[in-house]
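Listed in order, the protein sequences are those of chains X and A.
The C-terminal residue of the first sequence carries number 471 in my numbering, and the numbering is unbroken.
The C-terminal residue of the second sequence carries number 818 in my numbering, and the numbering is unbroken.
C-beta atoms are modelled at their ideal positions from N, C-alpha and C, and glycine is treated no differently.
Data first, discussion second: the structure below is written as structure tokens.
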Amino acid sequence: MSEKELDDEPDSTDEEAVDSSLMGIDVAKTTDEDGDRIGSTETVIETRNLDVYYGEERALQDVNMDIHEREVTAIIGPSGCGKSTYLRCINRMNDLVEAANVEGEVRFNGTDMYGDDIDPVALRRRIGMVFQHPNPFPKSIYDNVAYGLRVQGRKVTDEKIERALRDAALWDEVKDQLDESAMDLSGGQQQRLCIARAIAVDPEVILMDEPASALDPIATSKIEDLIDDLAEEYTVVIVTHNMQQAARISDRTAVFLTGGELVEYDDTEKIFENPDDDRVEDYITGKFG
Amino acid sequence: MATKPETGESIRRERRFSLKEIKGKAFEGILVAATLVGIAALLVLFGYMFFDAVRPLTASAEWYLLFFATLVAPTSAFALYSRRHPAVRRMNARAFAAVFGGLAISLAAWVVFSATGPHGLLLYVLLASISPLAVAGYGKYVERSMFVGPAMVVVTLVVLLWTLGSEVLVFALFDLVGLLFGWIPVLGSLRPPVAPSILVTAVSTGGPTLAVLLYLLRRDSSRRSFAFVPVVAALSGLGTAGFDFWLQPTVDLLPDWVAYLGLVCLPVAAVVAVVVARRAAVRQGLTAGGAVIAGNLAVGVIALALSVDPSFWVVLFSGAVVPVGYVVGDAVVANRKGRVGLLGPFVLIGGVLFGALLEDVINATGPDTWITPTLLLSTWNGIEPTQAGAYAEIVGSIMIVSVMALMSFPVGVGAAIYLEEYAPETGPAGRFANFIEINIANLAGVPSVVYGILGLALFNNFLDFPPGIVISAGATLGLLILPIVIVSAQEAIRSVPDSLRRGSYGMGASRWQTLRNVVLPEAVPGILTGTILALGRAIGETAPLIVIAVPVRTSTPSGLFDSGAAVPLRIFASAANAIPAYRKGVLAALAVVLLALMLTMNAVAIVLRNRYQTDGN
Ligand SMILES: Nc1ncnc2c1ncn2[C@@H]1O[C@H](COP(=O)(O)OP(=O)(O)OP(=O)(O)O)[C@@H](O)[C@H]1O
Ligand SMILES: [Mg+2]
Chain X
183 MSEKELDDEP DSTDEEAVDS SLMGIDVAKT TDEDGDRIGS TETVIETRNL DVYYGEERAL
243 QDVNMDIHER EVTAIIGPSG CGKSTYLRCI NRMNDLVEAA NVEGEVRFNG TDMYGDDIDP
303 VALRRRIGMV FQHPNPFPKS IYDNVAYGLR VQGRKVTDEK IERALRDAAL WDEVKDQLDE
363 SAMDLSGGQQ QRLCIARAIA VDPEVILMDE PASALDPIAT SKIEDLIDDL AEEYTVVIVT
423 HNMQQAARIS DRTAVFLTGG ELVEYDDTEK IFENPDDDRV EDYITGKFG
Chain A
202 MATKPETGES IRRERRFSLK EIKGKAFEGI LVAATLVGIA ALLVLFGYMF FDAVRPLTAS
262 AEWYLLFFAT LVAPTSAFAL YSRRHPAVRR MNARAFAAVF GGLAISLAAW VVFSATGPHG
322 LLLYVLLASI SPLAVAGYGK YVERSMFVGP AMVVVTLVVL LWTLGSEVLV FALFDLVGLL
382 FGWIPVLGSL RPPVAPSILV TAVSTGGPTL AVLLYLLRRD SSRRSFAFVP VVAALSGLGT
442 AGFDFWLQPT VDLLPDWVAY LGLVCLPVAA VVAVVVARRA AVRQGLTAGG AVIAGNLAVG
502 VIALALSVDP SFWVVLFSGA VVPVGYVVGD AVVANRKGRV GLLGPFVLIG GVLFGALLED
562 VINATGPDTW ITPTLLLSTW NGIEPTQAGA YAEIVGSIMI VSVMALMSFP VGVGAAIYLE
622 EYAPETGPAG RFANFIEINI ANLAGVPSVV YGILGLALFN NFLDFPPGIV ISAGATLGLL
682 ILPIVIVSAQ EAIRSVPDSL RRGSYGMGAS RWQTLRNVVL PEAVPGILTG TILALGRAIG
742 ETAPLIVIAV PVRTSTPSGL FDSGAAVPLR IFASAANAIP AYRKGVLAAL AVVLLALMLT
802 MNAVAIVLRN RYQTDGN
């Protein structure tokens, strides 16, 4: 590995992009020169035969999917196909939706997370979440980042706060106003604050539901860079409507289609260049969806 | 191109007054008229009452000139000046809140405490504060902060219920036994073999011990943890005995003003210490708390030296001087902008004092008002209107409102939290919760006299309380406003966006933590506003008080179980007085007093709400 990196080739994945045969999107390579996967091959989350119902209505159908450690997994699909629902199953946020009924199995590090002996609160401490719309608490910036540590009964130190804000690429913009209200930040800053808040507690997995959908292109690109960096330490699962974004930042991509069906799940390169399923190709090229 | 002339024409008005336009104007006119009529009616009504109560026409022209020069002109000038400078205005608002809020609260506290006597209350405050302080200390020691808050609340409640309850409970049990088995000849004549006080001690020692024992047995705990059992027994035994044989007699022996120190000064000092410590450092906090205590002691010593009873001055110092000192000190230490604003209340007070001084000097005759110190501070006189006072009624009203607030606030907010945050939404249980919710909203509209009947049935008939005591009056009115409190608290809680809750849960917060840290802080302003408006509504209620037989009396209620008194009742009873001066003047003045009480409460609500809002954002 290390010898390889000494070659004069450009850095393996970030800059080198391949033209997609489908729609001219830049797709990050998921393998390095040896053909080894860049992330690890350990699965963190496995879902088996997952069905979710909202009352009578079925939102997910028989989803089987493995999410790998320290990779960015993108979930794409048309509106209403169950992407958010799937994400919420992974940290049991669906428990809060009374109508939701989850069947099947979701394993986190091999443990069934819907088992009787699982504490959803403890689970959520290890699987953080960033929501579609920035939702900072109406408290100071500092208190926002410290919130998770406080509710988990862990020690709050200025260093931890600074590290989280630095990791979220927000430190330089807010370091002089930590005591001011988070509500006065811009939308993009708020979203990065929410990311800082989520990583301040060192979760193993970070779930992001369209984190950039309310942001302008510059803020979006900052968040994309951030996700790239995060993948070195964390496992990231991101829902997005933006095909380019999925292609740029993810290692694997899952395509859900209407009805809550997982149609195809593979390396991002494969999905965007040469998908097996015709419907996926149609969806990506914008013929439908 | 073809449509151009048409559109060009259609945007131009055809005639000056088209029918459409007139109709629109007429509708607008009707709306304006309705608003004006409403406002005018209220203005006339209040104006008339005010006119009767204050009698402004009896004052001489010089007096008005003086009034204008010493009070109106300086305060308006100051107000105009502070409007221009936001920092000054903010300071001004804080100073006003500190001075008048402090005055209002300390006067109310004084009125209630002096009616009930400070010793009994102090005993409960001491009792209720020992265990939460112990919990807080333990929390600091093990460096965990999350459980401390809830544990403190729970411990306080348990201790209070236990001490209040063990006596009531034991005697009630005896009564029950007597009721159930008294008809059996032998049992009926049996007396408990020991004195009740020993029984109470036995129960209050045995209860916790048994509870711990059972808990350990059920958890199959290790041998060693059973050592806890004798420890708990000894502690609760010592605690009970200590309370009965040492604490109570000692506290009862304290001079009044020392009891007031414990009751008012210590909590205030603790709050100041904590607040300052949070904002600066522990050392400063301790200094500030110490300063409060030292100031109180100084006031006490000075008063003793002048051979005045220091009690009132101690309460006033803690309640009014300390907040003002805090606001001023904070502005000076933090070097805040707009410090001139602090002068606002003093311009007002100084104007009043200076005016009063000059009034005598230049011999100006003020209005021959009915709102006099006599009215506020002496007892009722039904024959001589100028001698009529409503001190007892004012005290009674404040006591009733306090009981009402203490009863309806926790219950109402608790119910609202349950209904909004915990109650199921689906299934039979959800339907049941829904049904309850709808009915609570309906209860808000039930006529107050019906609540009077409810209070009559519950307190006078069923519980056999003496008629019209303070606690049943407060509780009846508490029931009256409970639905309003619940509904407004529900609304406030519902208005907290769900995204915040989700954010909190997503961070691994439990339901309680989410509620405590995210939902409640956001909802508090709304909850407070709704509750205090409801309290203001209830302070003037008369019908329920008549139904539960609250007397029209001239002495202050001496405690929660003494018969009550209330300003609206006095108004009601004296409306039939044959001497016209009562109907024309005294009652109007009493109504103004009632309004002033209500407005004070609303002002407190507004101050609290603004505080929370600026804290939140
Ligand atoms: N709380 C709920 N109650 C009932 N039905 C729901 C609920 N949440 C989602 N659904 C239904 O489940 C289906 C999937 O919803 P989901 O929010 O997962 O879609 P999504 O893929 O995230 O869509 P989008 O891209 O628009 O966010 C939809 O048909 C929706 O109507
Ligand atoms: Mg969604």
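At a threshold of 8 Å, does X/S266 count as lining ligand 3 (C-beta to nearest heavy atom)? What this structure holds is ligand 1 and ligand 2, not ligand 3.
Rounded to whole angstroms, what is the Cα-Cα separation between A/L448 and A/N718? 37 Å
Checking contacts by CB at 9 Å: is A/S705 closer than that to chain X? yes
CA-to-CA distance, X/S432 to X/K452, given in whole angstroms: One C-alpha to the other measures close to 12 Å.
Are the C-beta of X/M425 and some C-beta of chain A separated by less than 9 Å? no
With a threshold of 8 Å on Cβ separation, who are the neighbours of X/I343 within its own chain once the five nearest residues in sequence on each side are excluded? Y324, V327, A328, L360, A382
Pull out every residue of the stretch 313–341 of chain X whose Cβ sits closer than 7 Å to any Cβ of chain A, in chain order. F313, H315, N317, F319, P320, Y329, G330, V333, Q334, G335
For a test of your reading of the model: does the CB of X/V421 fall under 8 Å from any non-hydrogen atom of ligand 2? Yes or no. Under cutoff, so the answer is yes.
Contact with chain A by X/N273, beta-carbon distance below 9 Å: It does: the Cβ of X/N273 has a partner Cβ on chain A nearer than 9 Å.
What first and last residue would you give for the alpha helix (DSSP H) that runs through X/Q243? Under the DSSP assignment, X/Q243 falls outside any alpha helix (DSSP H), being part of the beta strand (DSSP E) whose first and last residues are 239–250.
With a threshold of 9 Å between beta-carbons, can X/M247 be considered close to chain A, or not? In terms of beta-carbon proximity, X/M247 stays away from the interface with chain A, with every pair separated by 9 Å or more.
Identified DSSP bridge partners for A/R419: Per DSSP, none; premise fails for A/R419.
X/E228 and X/D248: beta carbons closer than 9 Å? yes
Quick one: is A/T587 buried, meaning 16 or more other Cβ sit within 10 Å of its Cβ, or exposed? Looking at its Cβ environment, which holds fewer than 16 other Cβ atoms inside 10 Å, A/T587 is exposed.
So what's X/R289 in DSSP terms, helix, strand or just coil? X/R289: strand per DSSP, three-state reduction.
Option nearest A/T627 by Cα separation, candidates X/L278, X/V245, X/T255, X/P260: X/L278
Which residue comes first and which comes last in the alpha helix (DSSP H) that contains A/R424? Element bounds for A/R424: n/a, residue is neither H nor E.
Would you identify the three-state DSSP class for A/N661, choosing helix, strand or coil? helix
Closer than 9 Å, CB to CB, is X/A281 near chain A or not? yes
By the 10 Å Cβ neighbour count, where 16 or more other Cβ atoms means buried, how is A/I670 classified, buried or exposed? buried
Which of the three DSSP states, helix, strand or coil, is assigned to X/N276? helix
At a Cβ threshold of 9 Å, is X/R486 touching chain A? Lying outside 183 to 471, the shown extent of chain X, residue 486 of chain X is not represented and no answer is given.
For X/F438, which residues does DSSP report across the bridge? X/L444
Does DSSP classify A/A806 as helix, strand or coil? helix
Do you know how far the Cα of A/A442 is from the Cα of A/V356? 19 Å
Is X/D391 near ligand 2, with its Cβ less than 8 Å from a heavy atom? X/D391 Cβ: within cutoff of ligand 2.
Leaving out five residues on either side along the sequence, give the residues of the same chain with a beta carbon under 7 Å from the beta carbon of A/A617. I687, A690, Q691, I694
Which residue's Cα is closest to the Cα of A/G888: A/G440, A/L328, A/A744, A/V476? This structure does not reach residue 888 of chain A, given that chain A is present from 202 up to 818, and the question cannot be answered.
In whole angstroms, what separates the C-alpha of X/R230 from that of X/H423? So the alpha carbons of these two residues sit roughly 25 Å apart.
Determine which residues share a DSSP beta bridge with A/L358 and list them. None; A/L358 has no bridge partner.
To the nearest angstrom, report how far apart A/G302 and A/V805 are at their CA atoms. In this structure, the straight-line span from the alpha carbon of A/G302 to that of A/V805 is close to 7 Å.
From X/L331 to A/S711, what does the alpha carbon distance come to, in whole angstroms? Rounded to the nearest whole angstrom, the C-alpha separation of X/L331 and A/S711 is 13 Å.
Any heavy atom of ligand 2 closer than 8 Å to the Cβ of X/Q373? Within 8 Å of the C-beta of X/Q373 there is not a single heavy atom belonging to ligand 2.
The beta strand (DSSP E) enclosing A/N497, as first and last residue numbers: Note, A/N497: premise wrong, no beta strand (DSSP E); alpha helix (DSSP H) at 483–506.
Quick check: is any heavy atom of ligand 1 less than 8 Å from the C-beta of X/F290? Look at X/F290: its beta carbon is at least 8 Å from all of the heavy atoms in ligand 1.
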